[in-house]
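Trainee:
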Amino acid sequence: MPHLVAAYNLARWLTRNAHDAEDVVQEAYLRAFKFFGTFRGGDCRPWLLTIVRNTCYTWMQQNRAAELKDNFDEAMESLESTTLNPEARLLAIVDHQRLRQALEALPVEFREVMVLRELEGLSYKEIADIADVPIGTVMSRLARARKRLQQGLLDNPHKEYPHEV
Amino acid sequence: MRCEEMQKLLEAYLDGELDLMRNLEIEKHLQECAPCALLHKNQQALRQAIHSAALYFSPPAELPNRLRATLRQASKAETRRSFLPWRWVMVASAMVLVAALVWFLVATRKSSTEELLMQEVIASHVRSLMADHLTDVASSDQHTVKPWFNGKLDFSPNVKDLAEQGFPLLGGRLDYLANRPVVALVYQRQKHRINLFIWPSTKETDEAEKITARQGYQVIHWTTSGMTYWIISDLNESDLYEFSRLVRT
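As they're listed, the protein sequences go chains U and C. Using the working numbering, read the first sequence as starting at 13 and increasing by one per residue. Using the working numbering, read the second sequence as starting at 3 and increasing by one per residue.
1. What are the uninterrupted segments assigned as beta strand (DSSP E) that are 3 or more residues long and contained completely in the region 184-251 of chain C, given in chain order?
2. Quick one: what does DSSP say phenylalanine 140(C) is sitting in, helix, strand or coil?
3. Check for me: the beta strand (DSSP E) holding aspartate 177(C) runs from which residue to which?
4. Here's a check: name, in chain order, each residue in its chain whose Cβ is nearer than 6 Å to the Cβ of threonine 230(C), leaving out the five neighbours to either side.
5. Taking 6 Å as the line, does the beta carbon of tyrosine 20(U) fall inside it for any heavy atom of the ligand FMN?
6. Express the C-alpha separation of lysine 212(C) and glutamate 239(C) in angstroms, rounding to a whole number.
7. By Cβ distance below 7 Å, which residues in the same chain neighbour cysteine 56(U) in space, the five residues on each side in sequence not counted?
8. At 4 residues or longer, what runs of the alpha helix (DSSP H) sit wholly inside the region 22-67 of chain U?
9. Would you please state the rounded distance, in angstroms, between the beta carbons of arginine 65(U) and isoleucine 142(U)? I believe it to be under 8 Å.
10. Helix or strand or just coil, what does DSSP make of leucine 103(C)?
11. Along chain U, which residues have their Cβ under 7 Å away from the Cβ of isoleucine 52(C)?
12. Got a sec: which bits of the region 93-123 of chain C sit with their beta carbon under 9 Å from any beta carbon on chain U, in order along the chain?
13. Output the boundary residues of the alpha helix (DSSP H) element that contains glutamate 27(C).
14. Once you ignore the five residues that flank isoleucine 196(C) on each side, which residues in its own chain have a CB closer than 8 Å to its CB?
15. Under 7 Å between the Cβ atoms of methionine 3(C) and histidine 42(C)?
16. Taking CB distances under 7 Å as the criterion, tell me whether phenylalanine 66(U) reaches chain C.
17. Please report whether the beta-carbon of asparagine 25(C) lies at a distance below 7 Å from any beta-carbon of chain U.
18. Taking just the CA atoms, how far does tryptophan 90(C) sit from tyrosine 219(C)?
19. Quick check: is the beta carbon of leucine 61(U) nearer than 7 Å to any beta carbon in chain C?
20. Residues in its own chain within less than 8 Å of methionine 72(U) by CB, not counting five upstream and five downstream?
21. Is the beta carbon of glutamate 39(U) closer than 7 Å to that of threonine 67(U)?
22. Taking a contact to mean a Cβ-Cβ separation below 7 Å, would you say leucine 22(C) touches alanine 14(C) in this structure?
23. Where do the ends of the alpha helix (DSSP H) carrying phenylalanine 122(U) lie?
24. Does the beta carbon of leucine 69(C) come closer than 7 Å to any beta carbon on chain U?
25. From this set, Gly18(C), Leu119(C) and Gly173(C), which residue's C-alpha is nearest valine 221(C)'s C-alpha?
26. Grab the span of the alpha helix (DSSP H) containing methionine 3(C) for me, first residue to last.
27. Can you pull the chain C neighbours of methionine 178(U), defined as C-beta to C-beta under 9 Å?
28. In the DSSP assignment, what are the bridge partners of arginine 182(C)?
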């Protein structure tokens, strides 16, 4: 089954639930099977991930519409990179569990660009195509997501994010 | 390169999205500028953390099999759907078949009533020769034969004397065809007997003469001026046709 690992990983990160991810992957592969005619050749993975991503959004609209409205806390945007603790302790204290939680806590449109960039290693162009946004938006989303992760890792580990409630 | 520009490009640099010239400029700047180098270090640390955190989710072991089963089902459904046009072809051909059958039945019903009448005519002709009951009124005179039918029928047939043309009249009799009493005129050509049946037609329209060969007999029938004519004989076709022409005119 081609690219199943990548498809499942994306679905799992977007739905944040193993069972839902399986459902979404099944649905996505069915769609891929139906719409194989729209595949224009080349690398199959971005095409398939686009279908997985769109299936996820459809699924969330039907089941968890509230999550799609989840936005970044605007206060976060004032956070300047220069105010980050410059100490290299970031490396030392990295707790994988906390990193996972911080990534999971990101709003879905930031989570998807992070997963596609950091876990799938896709280019800005490919991500822009999959998420159907301009490359500039991909870059700004990546920048904001990374700031948020850095902030999360340096913050009090017990801090709860508002949308995790 | 200024720090502001540097910071804007830092992530794209780390993501490998910049061209060679930009990469070189940034690397040069990072060597010269400590604050930017620290930012770079933090960014790198985050990336390393992400990559080392095993954030990748692996699908459950049974997912590929379940997926294959789902796709197999879908593929079967797809095959069924793609056969749909064939089903329409079958429906269409079934409809054509039914239409043809209906047409055939209607057409043969018409011709089968004609066929039935034909059999009656032949039977009547054969009987008239067999049972020695060829004529009720034996006369070669049309003025004897024609009046004989008066009071026996609700119509008066046109009786022609065709002796000069080689078809002497032998006489006439009452017969029963098509569920009604009819006139039967008997003519002769050499040794061949000719039965001419006449009765009022149930049809509004005239019908051209039609010659049919049955059981060794020639049968000619037509409808004109509201009267139906049937001629039957073992005479050859051309002579009988000549006879029918004489009757018609």
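Glycine included, C-beta positions come from ideal geometry on N, C-alpha and C.
Mentor: This is what the structure gives:
1. DSSP runs (the beta strand (DSSP E)) wholly in the region 184-251 of chain C: 194-202, 209-216, 219-226 and 229-235.
2. The sequence given here places alanine at residue 140(C); phenylalanine does not occur at that position. Of the three classes helix, strand and coil, the one that applies to alanine 140(C) here is strand, per DSSP.
3. In the DSSP assignment, aspartate 177(C) falls within the beta strand (DSSP E) that extends over 171-179.
4. Taken in chain order, the residues that qualify are Trp201 and Ser203.
5. Absence of the ligand FMN from the depicted structure is noted, as is the absence of any ligand whatsoever, leaving it without description.
6. Cα-Cα distance, rounded: 12 Å.
7. A distance below 7 Å between beta-carbons, with the five flanking residues on each side excluded, links cysteine 56(U) to the following residues of its chain, in chain order: Pro14 and His15.
8. Unbroken alpha helix (DSSP H) runs of no fewer than 4 residues, entirely contained in the region 22-67 of chain U, are found at 30-46, following chain order.
9. With a Cβ gap of about 5 Å, arginine 65(U) and isoleucine 142(U) count as contacting.
10. In the three-state scheme derived from DSSP, where H, G and I count as helix and E and B as strand, leucine 103(C) is classed as helix.
11. For isoleucine 52(C), the neighbours in chain U by C-beta distance under 7 Å run, in chain order, Leu111 and Glu130.
12. Of all residues in the region 93-123 of chain C, none has a C-beta nearer than 9 Å to a C-beta of chain U.
13. Going by DSSP, glutamate 27(C) is part of the alpha helix (DSSP H) stretching over 22-34.
14. So the qualifying residues of the chain are Phe169, Val188, Tyr189, Gln190, Ile233, Ile234, Ser235, Leu237, Leu242 and Phe245.
15. The answer is no: Cβ separation not under 7 Å.
16. Reading off the sequence shown, one finds asparagine at residue 66(U), where the question assumed phenylalanine. Chain C places no beta carbon closer than 7 Å to that of asparagine 66(U), leaving this residue out of the contacts.
17. No - not a single Cβ of chain U is within 7 Å of the one on asparagine 25(C).
18. Within the model, the alpha-carbon separation for tyrosine 219(C) versus tryptophan 90(C) is close to 50 Å.
19. Not closer than 7 Å to any Cβ of chain C, the Cβ of leucine 61(U) fails to qualify, so no.
20. Taken in chain order, the residues that qualify are Leu26, Thr27, Glu79, Leu80 and Val120.
21. Yes, Cβ-Cβ distance for threonine 67(U) and glutamate 39(U) is below 7 Å.
22. Between leucine 22(C) and alanine 14(C), the C-beta gap is not smaller than 7 Å, which leaves the two residues out of contact.
23. Run containing phenylalanine 122(U): 120-126, per the alpha helix (DSSP H) assignment.
24. Chain U has a Cβ within less than 7 Å of the Cβ of leucine 69(C).
25. Here the closest residue by C-alpha is Leu119(C).
26. From DSSP, methionine 3(C) is part of no alpha helix (DSSP H); its letter is neither H nor E.
27. No answer is possible for residue 178(U): the residues shown for chain U start at 13 and end at 177.
28. Partner residues in the beta bridge of arginine 182(C), as assigned by DSSP, are Leu179(C).
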